[in-house]
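To keep things clear, I will list the structure first and then write my remarks on it.
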Amino acid sequence: MNWLVLFLAGVFEVVWAVGLKYSEGFTRLGPSLVTLGAMAASFYLLAAALRSLPLGTAYAVWVGIGAVGTAIAGIVLFHESVTALKLVSLALVVAGIAGLRLASPA
Numbered sequence: 462m463n464w465l466v467l468f469l470a471g472v473f474e475v476v477w478a479v480g481l482k483y484s485e486g487f488t489r490l491g492p493s494l495v496t497l498g499a500m501a502a503s504f505y506l507l508a509a510a511l512r513s514l515p516l517g518t519a520y521a522v523w524v525g526i527g528a529v530g531t532a533i534a535g536i537v538l539f540h541e542s543v544t545a546l547k548l549v550s551l552a553l554v555v556a557g558i559a560g561l562r563l564a565s566p567a
């Protein structure tokens, strides 16, 4: 269950990162409120996961989920460039996340 909570924290990290783009520097109320709510949810869920997961592993997985998810969102939502190097790099981050999960006993 703690890994599911951590995964959800990472998903909310993606939501708030994308929300930052849509908020246009917190000048648009709706996207700004979504961004702040997603930030609060992400940090709350990360804190909950840290009750039972090792700090270094949980934080790295959280950041990795956020980084990969945000990069994919940038490609899909904002038509950012896609290169072979970018895709390989994202795959390496995913491999790192999987490795950290497999190396953790919790």
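Reminder that position 13 of the sequence shown reads as 474 in the numbering used here, one-by-one numbering, no gaps. Note that CB positions come from ideal geometry on N, CA and C, so glycine has one too.
Let me know if residue i comes out buried or exposed under the rule of 16 or more other beta-carbons within 10 Å of its beta-carbon.
i: F539; result: exposed
i: A470; result: buried
i: T544; result: exposed
i: S484; result: buried
From the DSSP output, in three-state form, read off residue i for me.
i: M500; result: helix
i: G486; result: coil
Are the Cβ atoms of residue i and residue j separated by less than 7 Å?
i: V529; j: V555; result: yes
i: V466; j: A521; result: no
i: E474; j: S513; result: no
i: L507; j: A532; result: no
i: A534; j: V479; result: yes
At 4 residues or longer, what runs of the alpha helix (DSSP H) sit wholly inside the segment 493–559? Complete alpha helix (DSSP H) runs here, min 4: 516–539.
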